[in-house]
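This report refers to the structure that appears directly beneath it.
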Amino acid sequence: MQLTGAEILIRCLQEEGVEYVFGYPGGAVLNIYDELFKQNKVKHVLVRHEQGALHAADGYSRSSQKIGVALVTSGPGVTNAVTGIATAYMDSIPMVVITGQVPTNAIGQDAFQECDTVGITRPCVKHNFLVKDVRDLAVTVKKAFYLATTGRPGPVLVDIPKDVSQALAEYAYPKTVTLRSYNPVTKGHAGQIKKAVQLLLEAKRPMVYTGGGIVLNDAAESLTRFVRLLGFPCTNTLMGLGGFPATDPQFTGMPGMHGTYESNMAMQNCDVLLAVGARFDDRVIGNPEHFYRQDRKIIHIDIDPSSISKRVKVDVPIVGYVRDVLDEMVKIVESSPLRPDAATLKAWWGQIKEWQRKDCLRYDRDSALIKPQFVVEKLYEITGGDAFITSDVGQHQMWAAQYYKFDKPRRWINSGGLGTMGFGLPAAMGVQLANPQATVACVTGEASIQMCIQELSTCKQYHLPLKLVNLNNRYMGMVRQWQEFFYGNRYAESYMDALPDFVKLAEAYGHVGVKIEKPGDVEGALREAFAQKERLVFLDFITDQTENVFPMVPGGKGLTEMILAEEL
Amino acid sequence: MRHILSILVENEAGALSRISGLFSARGYNIESLTVAPTEDPTMSRMTIVTSGSDDVVEQITKQLNKLVEVVKVVDLTDGNHIERELMLVKVRAAGKDRDEMKRLADIFRGRILDVTDKSYTIELTGTGSKLDAFLQAIEPGVILETVRTGASGIGRGERILRI
Ligand SMILES: Cc1cc2nc3c(=O)[nH]c(=O)nc-3n(C[C@H](O)[C@H](O)[C@H](O)COP(=O)(O)OP(=O)(O)OC[C@H]3O[C@@H](n4cnc5c(N)ncnc54)[C@H](O)[C@@H]3O)c2cc1C
Ligand SMILES: Cc1ncc(C[n+]2csc(CCOP(=O)(O)OP(=O)(O)O)c2C)c(N)n1
Ligand SMILES: [Mg+2]
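Heads up: the protein sequence lines correspond to chains A and B, in order. Mapping the first sequence onto this note's numbering, position 443 (from 1) lands on 1178, and the numbers just tick up by one. Mapping the second sequence onto this note's numbering, position 101 (from 1) lands on 253, and the numbers just tick up by one.
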């Protein structure tokens, strides 16, 4: 039977088990919207801005093993979506983005709402396609899902001209698809794995450094088994939090610019570093020259060969899916009589405990002002550590990462690579839809939240009972912190003179708003908010304006050249 | 160091801009780039001459391999290889220069493809440095126009790049 392109697309989405499409209509996608209207398997979530659609689809992917799908129109629809696509790309999040395009015969004519979608998005997608013939549509959609989810995941975009969504073709959805030009190496090299295990068993000062790859590959259990088996210290990057339980005594906290003292000292001073699904980001290792100064062997497991030896030269590269490689390593250790030397390891732990005594995340608990760290700690307590927490970008993001102890993967949802303000609220919508029964909170700042505040309206329409925790310091705090430290307290444009009344704003959108000004009210307000299971509650915490994030490795400095709270 | 990368790539619209975009986005050098379909019309072969430290060239190779449309990449400079470039050069050839120019073209095994009473158009193939040498051998004022293809390369002997 012949179907139109639009019908074919919807069939393909159904075939892929797509539950939600996050989108916004417009001329070039009207054929597709008409088909969405005629069926009820694939549900559409109408956002208020295309950026919101992309972040929601992204949050949906990050918080589940399912894949987020976004649908936007040509021209401005696409350009509005670019921030969201780039955000997902930088964090390797699988996502399929469908965009409408002007009819094929109008392409290149500067037609109304035309833009070179494939060209504009090329640097921030894993791959993209322009479908010029309706007969190629089904196989292209299949390829898009396949590419997005295999190898190193990422967003894949399919641009569909309006005449293609209208044209007729026979429909058959391919069961599988292969691309001769795309064959990621997924199985780690056996010899290299053995070599790695041997190095680790002989290590005197081992350190396990893991990242987003653990979360993306659902390898948390494998990692935990491995790390516990060997008794090594373990750190998770901002993207890897929850990959190893934060409440486990072997966890040393996050590394990097705002990582713990002990993690950074251990990263620098270890003699064997096992990096798993982490990419030696500049926010993690600081100045590479300084990082090199210490002699250590590095083992790096990653699905993407280009992540290996990109910023730091690696001694034992292993290309493959981290979960399989870790399972293999566990097997090798279990079947071998060899174990790390207990006395040596104990001495290393002694050193680490010494570093831990710095208590680098200490803050003033007696302040008359609300300390943002305190709010996050209470949030952790009241949600039993079991909520999904999204965040925006800034100081609040770091405090959420430092003080909410994530024991499970996919619970911490934030934009690490691109650092996109405006991510938190729409991402939380996707999280809530992917996990309808779960508690979902968004830790945000008064500047970030205003970047996608319009999505409060979407939350109303779809009854998403999110809890917004606004750490309102009346500053772009992260910017202010840099200006305080490095620009002689000249707070250029990091202060907004006219903030909205967030309580009234929340109410205007049909939600509950609460303003909290005293430390003594923090816990009660949180408890009440989370008790309101059916409502979105916007909690506006008026926090200490001058609080800074510590520890801090200033840009360009070595990883151990940290500024600690006590030093100021 | 100078490296010659041979790349098999799907013959699809946009593949070229993905590759050139990769070089510009990541700040890699392109000295020259040539591309044309192979005996299998669904696939093109590209030769890119680039330069950089070994680490940089390793990253370039990895990043190229990561592009979905790239089928295979080899660094020809890793082994024995043949490199050829074609140049067309139009030179002034009048009066006493005319014979001299013919002689010089012969020495470089060039062929004269087009003749007017004032000019020759000479075809030359060889390595880039041979073509450079030819241009240096003639007086700069005599050169009217040059066009070069950039290098194409192939491995020597049994070294074969195919899928
Ligand atoms: C304000 C701000 C401050 C920040 N401060 C810090 C900080 O202090 N500390 C910190 O850690 N980060 C910090 N970041 C985040 C930082 O910018 C990076 O995003 C982050 O460090 C990268 O994490 P990652 O190395 O885990 O890599 P990711 O971006 O998560 O990359 C994942 C890696 O795993 C690989 N991978 C993916 N899937 C698989 C698989 N199936 N098998 C094997 N490998 C796989 C990928 O190829 C990639 O190399 C900060 C960000 C912001 C916005
Ligand atoms: C879209 C975007 N623009 C600018 C920035 C740069 N930036 C990083 S943090 C920050 C301030 C965030 O302020 P707020 O949301 O109030 O968070 P706080 O740091 O105060 O907790 C800015 C402007 C960014 N990350 N994203
Ligand atoms: Mg703020």
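Every residue gets a Cβ at the ideal spot worked out from N, C-alpha and C, and that includes glycine.
Check	Outcome
Alpha-carbon spacing of V1049 (chain A) relative to M1000 (chain A), whole angstroms	19 Å
Residue span of the beta strand (DSSP E) that contains M1231 (chain A), given as start and end	Premise fails: M1231 (chain A) is in no beta strand (DSSP E) and is neither H nor E.
Whether I743 (chain A) touches A873 (chain A) by CB criterion (8 Å)	yes
Spatial distance of A902 (chain A) from A1169 (chain A) (CA atoms)	33 Å
Beta strand (DSSP E) segment containing F864 (chain A), residue limits	H862 to L865
Distance, G947 (chain A) Cα to A788 (chain A) Cα	23 Å
Every unbroken alpha helix (DSSP H) within the segment 215-250 of chain B, with a cutoff of 4 residues, ordered by chain	none
Contained alpha helix (DSSP H) runs [length at least 4] in the segment 749-790 of chain A, N- to C-terminal order	765-772
Short CB-CB distance (under 8 Å) between P1072 (chain A) and chain B	no
Residues, ordered as in the chain, of the segment 837-857 of chain A that lie near chain C by beta-carbon distance below 9 Å	Considering every chain present, this structure includes no chain C. Its protein chains are A and B.
Candidates A:G1180, A:M992 and A:Y906: closest to T875 (chain A) by CA position	A:Y906
G975 (chain A) beta carbon near ligand 1 (any heavy atom closer than 7 Å)	yes
Below-8 Å beta-carbon distance, G231 (chain B) vs any chain A residue	no
Buried versus exposed, by CB contacts within 10 Å (16 or more), M195 (chain B)	buried
Chain-order list of residues whose beta-carbon lies under 7 Å from that of E750 (chain A) (same chain, five-residue window excluded)	Y908
Cross-strand partners of D192 (chain B) (DSSP beta bridge)	D192 (chain B) pairs with nothing; no bridge assigned.
Chain B within 8 Å of S1041 (chain A), Cβ atoms only	yes
Residue span of the alpha helix (DSSP H) that contains I1053 (chain A), given as start and end	Here I1053 (chain A) belongs to no alpha helix (DSSP H); instead the beta strand (DSSP E) covers V1051 to V1054.
Cβ neighbour criterion (16 or more within 10 Å) applied to G835 (chain A)	buried
Members of the segment 195-212 of chain B that neighbour chain A once the beta carbon cut-off is set at 8 Å	D207, E210 and Q211
Contact test: H993 (chain A) Cβ vs ligand 4 heavy atom, cutoff 7 Å	Only ligand 1, ligand 2 and ligand 3 can be found as ligands here, which leaves ligand 4 out of the picture.
C-alpha distance - L168 (chain B) paired with D1039 (chain A), whole-angstrom precision	22 Å
Residue burial classification, G1259 (chain A) (beta-carbon count within 10 angstroms, cutoff 16)	exposed
DSSP three-state assignment for V804 (chain A), whether helix, strand or coil	strand
Any 3 or more C-beta pairs closer than 8 Å across the segment 1072-1085 of chain A and the segment 926-942 of chain A	yes
Check: S957 (chain A) C-beta below 7 Å from any heavy atom of ligand 1	no
Between the CA atoms of D258 (chain B) and G204 (chain B) - distance to the nearest angstrom	36 Å
Contacts around P838 (chain A), its chain only, beta-carbon distance under 7 Å, and the 5 residues preceding and following it disregarded	P896, K897 and D898
Where the beta strand (DSSP E) through P725 (chain A) begins and ends	In this structure chain A extends from 736 to 1303, so residue 725 (chain A) is not present and cannot be described.
C-beta atoms of S1229 (chain A) and C1177 (chain A) nearer than 8 Å	no
Run of the alpha helix (DSSP H) containing G812 (chain A), from where it starts to where it stops	P811 to M825
Within 8 Å, strictly: CB atoms of S1102 (chain A) and V1128 (chain A)	no
K214 (chain B): contacting residues in chain A (beta-carbon distance under 7 Å)	P1040 and S1041
Given G682 (chain A) as reference, the closest of A:P760, A:G794 and A:Y755 once Cα atoms are compared	Nothing in the structure corresponds to residue 682 (chain A), since chain A is present only between 736 and 1303.
Check: S1126 (chain A) C-beta below 7 Å from any heavy atom of ligand 2	no
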